[in-house]
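Have a look at the structure below before the remarks.
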Amino acid sequence: MPWTLIKAILFFVILALLAWVAAALSSAEGGIRIAMLGKEITLAPLQAVIASVVLVFGLWLMARLIGLLLAAGRFFAGDDTALSRYFSSNRERRGLNALSEAMIALASGENRVAMARAEKAQRLLDRPELTSLIEAEAAQAAGDRPRAEAAYRRLLSDDRARFVAVRGLLKLKLEQGDTETALKLAEKALALKPRHNEMQDLLLQLQTGAEDWHGARATLSAKLKAGALPKDVWKRRDALFALQEAKVLIDGESSIEAREAAIAANKASPDLIPAAAMAARSYIAEGKPKLATRVLKTAWEAQPHPELAAAFAEIEPQESPQARVKRFRTLTDLHPDHEETRMLLAELYIAAEDFPTARRALGDLVTTRPIVRVLTIMAAIERGMGADDAVVRGWLARALSAPRGLQWVCGSCNTIHATWVPVCNHCGGFDTLSWSEAPDSGTASPTGTEMLPLIVGKPAPPAAEVSEAATLEPAETVPAPLSEVPLPPAADPEPQQDPAKATASPFLSTEHVTPEELARRGAF
Numbered sequence: 001m002p003w004t005l006i007k008a009i010l011f012f013v014i015l016a017l018l019a020w021v022a023a024a025l026s027s028a029e030g031g032i033r034i035a036m037l038g039k040e041i042t043l044a045p046l047q048a049v050i051a052s053v054v055l056v057f058g059l060w061l062m063a064r065l066i067g068l069l070l071a072a073g074r075f076f077a078g079d080d081t082a083l084s085r086y087f088s089s090n091r092e093r094r095g096l097n098a099l100s101e102a103m104i105a106l107a108s109g110e111n112r113v114a115m116a117r118a119e120k121a122q123r124l125l126d127r128p129e130l131t132s133l134i135e136a137e138a139a140q141a142a143g144d145r146p147r148a149e150a151a152y153r154r155l156l157s158d159d160r161a162r163f164v165a166v167r168g169l170l171k172l173k174l175e176q177g178d179t180e181t182a183l184k185l186a187e188k189a190l191a192l193k194p195r196h197n198e199m200q201d202l203l204l205q206l207q208t209g210a211e212d213w214h215g216a217r218a219t220l221s222a223k224l225k226a227g228a229l230p231k232d233v234w235k236r237r238d239a240l241f242a243l244q245e246a247k248v249l250i251d252g253e254s255s256i257e258a259r260e261a262a263i264a265a266n267k268a269s270p271d272l273i274p275a276a277a278m279a280a281r282s283y284i285a286e287g288k289p290k291l292a293t294r295v296l297k298t299a300w301e302a303q304p305h306p307e308l309a310a311a312f313a314e315i316e317p318q319e320s321p322q323a324r325v326k327r328f329r330t331l332t333d334l335h336p337d338h339e340e341t342r343m344l345l346a347e348l349y350i351a352a353e354d355f356p357t358a359r360r361a362l363g364d365l366v367t368t369r370p371i372v373r374v375l376t377i378m379a380a381i382e383r384g385m386g387a388d389d390a391v392v393r394g395w396l397a398r399a400l401s402a403p404r405g406l407q408w409v410c411g412s413c414n415t416i417h418a419t420w421v422p423v424c425n426h427c428g429g430f431d432t433l434s435w436s437e438a439p440d441s442g443t444a445s446p447t448g449t450e451m452l453p454l455i456v457g458k459p460a461p462p463a464a465e466v467s468e469a470a471t472l473e474p475a476e477t478v479p480a481p482l483s484e485v486p487l488p489p490a491a492d493p494e495p496q497q498d499p500a501k502a503t504a505s506p507f508l509s510t511e512h513v514t515p516e517e518l519a520r521r522g523a524f
């Protein structure tokens, strides 16, 4: 409304100025005298102005007529479109001006103006691939999804703009959360341009989200062929997808296919721990223990891991604890000083009821690496050697607030996962999990250190009178609440087992038991 009023005021002001100029020229003295061919014409000032305007208009009209005559001459000479081009030249000029204004408005963020100019250019120009594209981009930026979708669909009929249309519709579906349709559109877009790097990454992300591991492997191969992925990176990621494909086949009870996929994943990346464990179990199922041993030995040499040890134990599930200690030398001799090797040996000797050797195998990990697993193994050793319940429970009290040690941690968001997965459950990062220690993995108790005497089962004497045999070593962290501590049974009518025989090991059977469960079974 204000702009309309301003335009009306300007119109009347200009009209008044023209009237004033006309009146001034009419009352002015003098004029213009024109002498030509023996004739003389005198024009008053107002008449001279009018004559000038008429002359300019006449020249413009003459130029147009000359152009028309030239176009007619070309038409009669055989150019069938000469006249149509002549009459549409002005229309095209205005259309191009509108198109330019639409592009400038879109770049300036004036989306509504861009849509209006694009609509005007659509009426004046026969270039729908340009006008529809600008209209679609402006409508999408303005949040007008129906109009943007309609514009993109118009572009589908043009072979040159079909990829752009599919890509635009894909973005709209992603904004709406329709990942199923977006996945189909991404496949269509990649079929139109197989070497498009952005579309390859987007399709790969959608396929991993939908757990389409077979399709993800095909997309990964396309990236390799396009030169967008180094071969070593492709080999590892292809192994990851093959591993997940094998897990899906196992869930679907396709045992033969699952074994083949697991073995293929391990061959592609021998140091991939989950692939090595699954491949070893596949060889065990096929009755090939030597191949399973070779796979696990190669993976253990790259990085010792509890899952590899559990799979190695499954090769001979019925062997005695002493025979198992001997057979496990195949792994433990590779990295004898590694903390995983030392904890593994301690657990094996606990299963063999050789508690002093288990304590020696653990070495100085109790002081240099006091993590949950080390402290619970130490509790089982103390129980097996006949120590008092207070001592054993003291070790467990320390374990409650100790760091967890190495775990599957996402390198992007530091989220801890119980098992390895190719895609982080928290941030969606692909191939970001590593066997490492999470930052701030220790836990603190809300009850404070005043609960410690109650946990170990004795009153708290002064610090100077604390006996070395009945107290804990000073710990930096505090224990958890009493409700979380496993206490000995109040009364057991059955005869009490021998402490050494009461200690179980995860290597006595194919069941993988955590150190915490080991300690609970041993004494608590």
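Okay, so the sequence shown: first residue is 1 according to UniProt numbering, each after it adds one.
Note that CB positions come from ideal geometry on N, CA and C, so glycine has one too.
>> Do Ile273 and Leu308 count as a contact pair if the criterion is CB distance below 8 Å?
In response: Inclusion of Leu308 and Ile273 in the CB contact set at 8 Å is warranted, their separation being smaller than that value.
>> The alpha helix (DSSP H) that contains Glu437, what's its start and end?
In response: Counting along the chain, Glu437 falls outside any alpha helix (DSSP H), though it belongs to the beta strand (DSSP E) covering Leu433 to Glu437.
>> With H, G and I counted as helix, E and B as strand and the rest as coil, what does DSSP make of Phe430?
In response: It is a strand residue.
> Where do the N-terminal and C-terminal ends of the alpha helix (DSSP H) with Trp395 fall, by residue?
Replying inline: Secondary structure note for Trp395: its alpha helix (DSSP H) is the uninterrupted segment Asp389 to Leu400.
> Nearest to Lys171 by alpha carbon, out of Asp158, Gly143 and Ser157?
Replying inline: A check of alpha carbon separations from Lys171 across Asp158, Gly143 and Ser157 identifies Gly143 as the nearest.
> DSSP beta-bridge partners for Pro331?
Replying inline: The sequence given here places Leu at residue 331; Pro does not occur at that position. Note: Leu331 sits in no beta bridge, so no partner.
> Leu406 lies in the beta strand (DSSP E); which residues open and close that run?
Replying inline: Leu406 to Cys410 is the extent of the beta strand (DSSP E) around Leu406.
>> Tell me the DSSP secondary structure of Val423 in three-state form.
In response: When DSSP states are grouped into helix, strand and coil, Val423 belongs to the strand group.
> With Ala118 and Ala138 assumed to form a contact (beta carbons below 8 Å), what rounded beta-carbon distance in angstroms separates them?
Replying inline: Confirmed, Cβ separation roughly 7 Å.
> How many angstroms separate the CA atom of Ala148 from the CA atom of Pro128?
Replying inline: Straight-line Cα distance between these residues: approximately 14 Å.
> Within this structure, are the beta carbons of Arg327 and Glu319 separated by less than 8 Å?
Replying inline: Yes. Within cutoff.
>> I need the straight-line Cα distance from Gly215 to Pro289, nearest angstrom please.
In response: Approximately 33 Å between the Cα atoms of the pair.
>> Is the beta carbon of Lys297 closer than 8 Å to that of Leu331?
In response: Going by C-beta atoms, Leu331 is nearer than 8 Å to Lys297.
> Which of helix, strand or coil does DSSP assign to His338?
Replying inline: The answer is coil: DSSP assigns His338 none of H, G, I, E or B.
>> How far does the alpha helix (DSSP H) with Arg383 in it extend, from its first residue to its last?
In response: For Arg383, the enclosing alpha helix (DSSP H) starts and ends at Val372 to Gly384.
> Count the other CB atoms within 10 Å of the CB of Glu511; is the residue buried (16 or more) or exposed (fewer)?
Replying inline: Low per-residue confidence applies at Glu511: pLDDT is 42, beneath 50, and the placement is therefore not dependable, though the value from the model is reported in the following sentence. Exposed is the call here.
>> According to DSSP, is Lys184 part of a helix, a strand, or is it coil?
In response: Helix, per DSSP.
>> Restricting to Cα atoms, I'd like to know which of Ala136, Asn197, Leu183 and Thr415 is closest to Gly168.
In response: Looking at Ala136, Asn197, Leu183 and Thr415, the one whose alpha-carbon comes closest to that of Gly168 is Ala136.
> Taking the C-alpha atoms as reference points, what is the distance between Gly394 and Thr219?
Replying inline: When the Cα atoms are used, Gly394 and Thr219 turn out to be separated by approximately 55 Å.
>> Less than 8 Å between the beta carbons of Leu190 and Ala182, yes or no?
In response: Judged by beta-carbon spacing, Ala182 lies beyond the 8 Å limit of Leu190, meaning their Cβ atoms are not closer than that value.
>> Applying the 10 Å Cβ sphere with the 16-neighbour rule, what's the burial state of Pro499?
In response: With a pLDDT of 32 at Pro499, under the threshold of 50, the modelled position of that residue is not reliable, and the figure given next carries that caveat. A residue is called buried once 16 or more other Cβ atoms fall within 10 Å of its Cβ, and Pro499 is buried on that count.
>> Could you pull the DSSP bridge partners for Ile416 from this structure?
In response: In the DSSP output, where bridge partners are listed per residue, Ile416 has Val409.
> By Cβ distance, which residues of its chain are closer than 8 Å to Gly209, with the 5 residues on each side in sequence left out?
Replying inline: Answer for Gly209: Thr179, Val423 and Gly428, listed in chain order.
>> Rounded to the nearest angstrom, what separates Thr376 and Leu396 at their Cα positions?
In response: In a straight line, the C-alpha of Thr376 is about 6 Å away from that of Leu396.
> Taking DSSP as the reference, what is the three-state secondary structure of Gln322?
Replying inline: Here Gln322 sits in helix by DSSP.
> Under the rule that 16 or more other beta-carbon atoms within 10 Å means buried, what is Leu344, buried or exposed?
Replying inline: Buried is the label assigned to Leu344, since at least 16 other Cβ atoms lie within 10 Å of its Cβ.
> Could you check where the alpha helix (DSSP H) with Ser221 kicks off and where it finishes?
Replying inline: First-last of the alpha helix (DSSP H) with Ser221: Trp213 to Lys225.
> How far does the alpha helix (DSSP H) with Gln176 in it reach, from first residue to last?
Replying inline: DSSP places Gln176 in the uninterrupted alpha helix (DSSP H) bounded by Arg162 to Gln176.
> So Lys188 and Val166 are in contact, right, with Cβ under 8 Å, and what is the actual spacing, rounded?
Replying inline: The beta-carbon distance between Lys188 and Val166, rounded to whole angstroms, is 5 Å. This is short enough to meet the 8 Å contact definition.
> Using the beta-carbon count (16 or more within 10 Å), is Asp212 buried or exposed?
Replying inline: Classification for Asp212: buried.
> Where does Gly363 fall in DSSP's three states?
Replying inline: In the structure shown, the three-state DSSP call for Gly363 is coil.
>> Quick check on the DSSP output: the alpha helix (DSSP H) that includes Ser282 runs from which residue to which?
In response: First-last of the alpha helix (DSSP H) with Ser282: Ile273 to Ala285.
>> Suppose contacts are defined by Cβ-Cβ distances below 8 Å. Is His417 in contact with Leu433 by that definition?
In response: Going by C-beta atoms, His417 is nearer than 8 Å to Leu433.
> CB-CB under 7 Å to Thr341, same chain, minus the five flanking residues each way: which ones, in chain order?
Replying inline: Same-chain partners within the cutoff: Pro304, Thr332 and His335.
> Taking the C-alpha atoms as reference points, what is the distance between residue 542 and Ala275?
Replying inline: Residue 542 is absent from the structure shown; the chain starts at 1 and stops at 524.
> Whose C-beta lies closer than 8 Å to the C-beta of Pro356 among residues of the same chain, with five residues either side of it excluded?
Replying inline: By the criterion of a C-beta distance shorter than 8 Å, Pro356 is surrounded in its chain by Met385, once the five residues flanking it on both sides are discounted.
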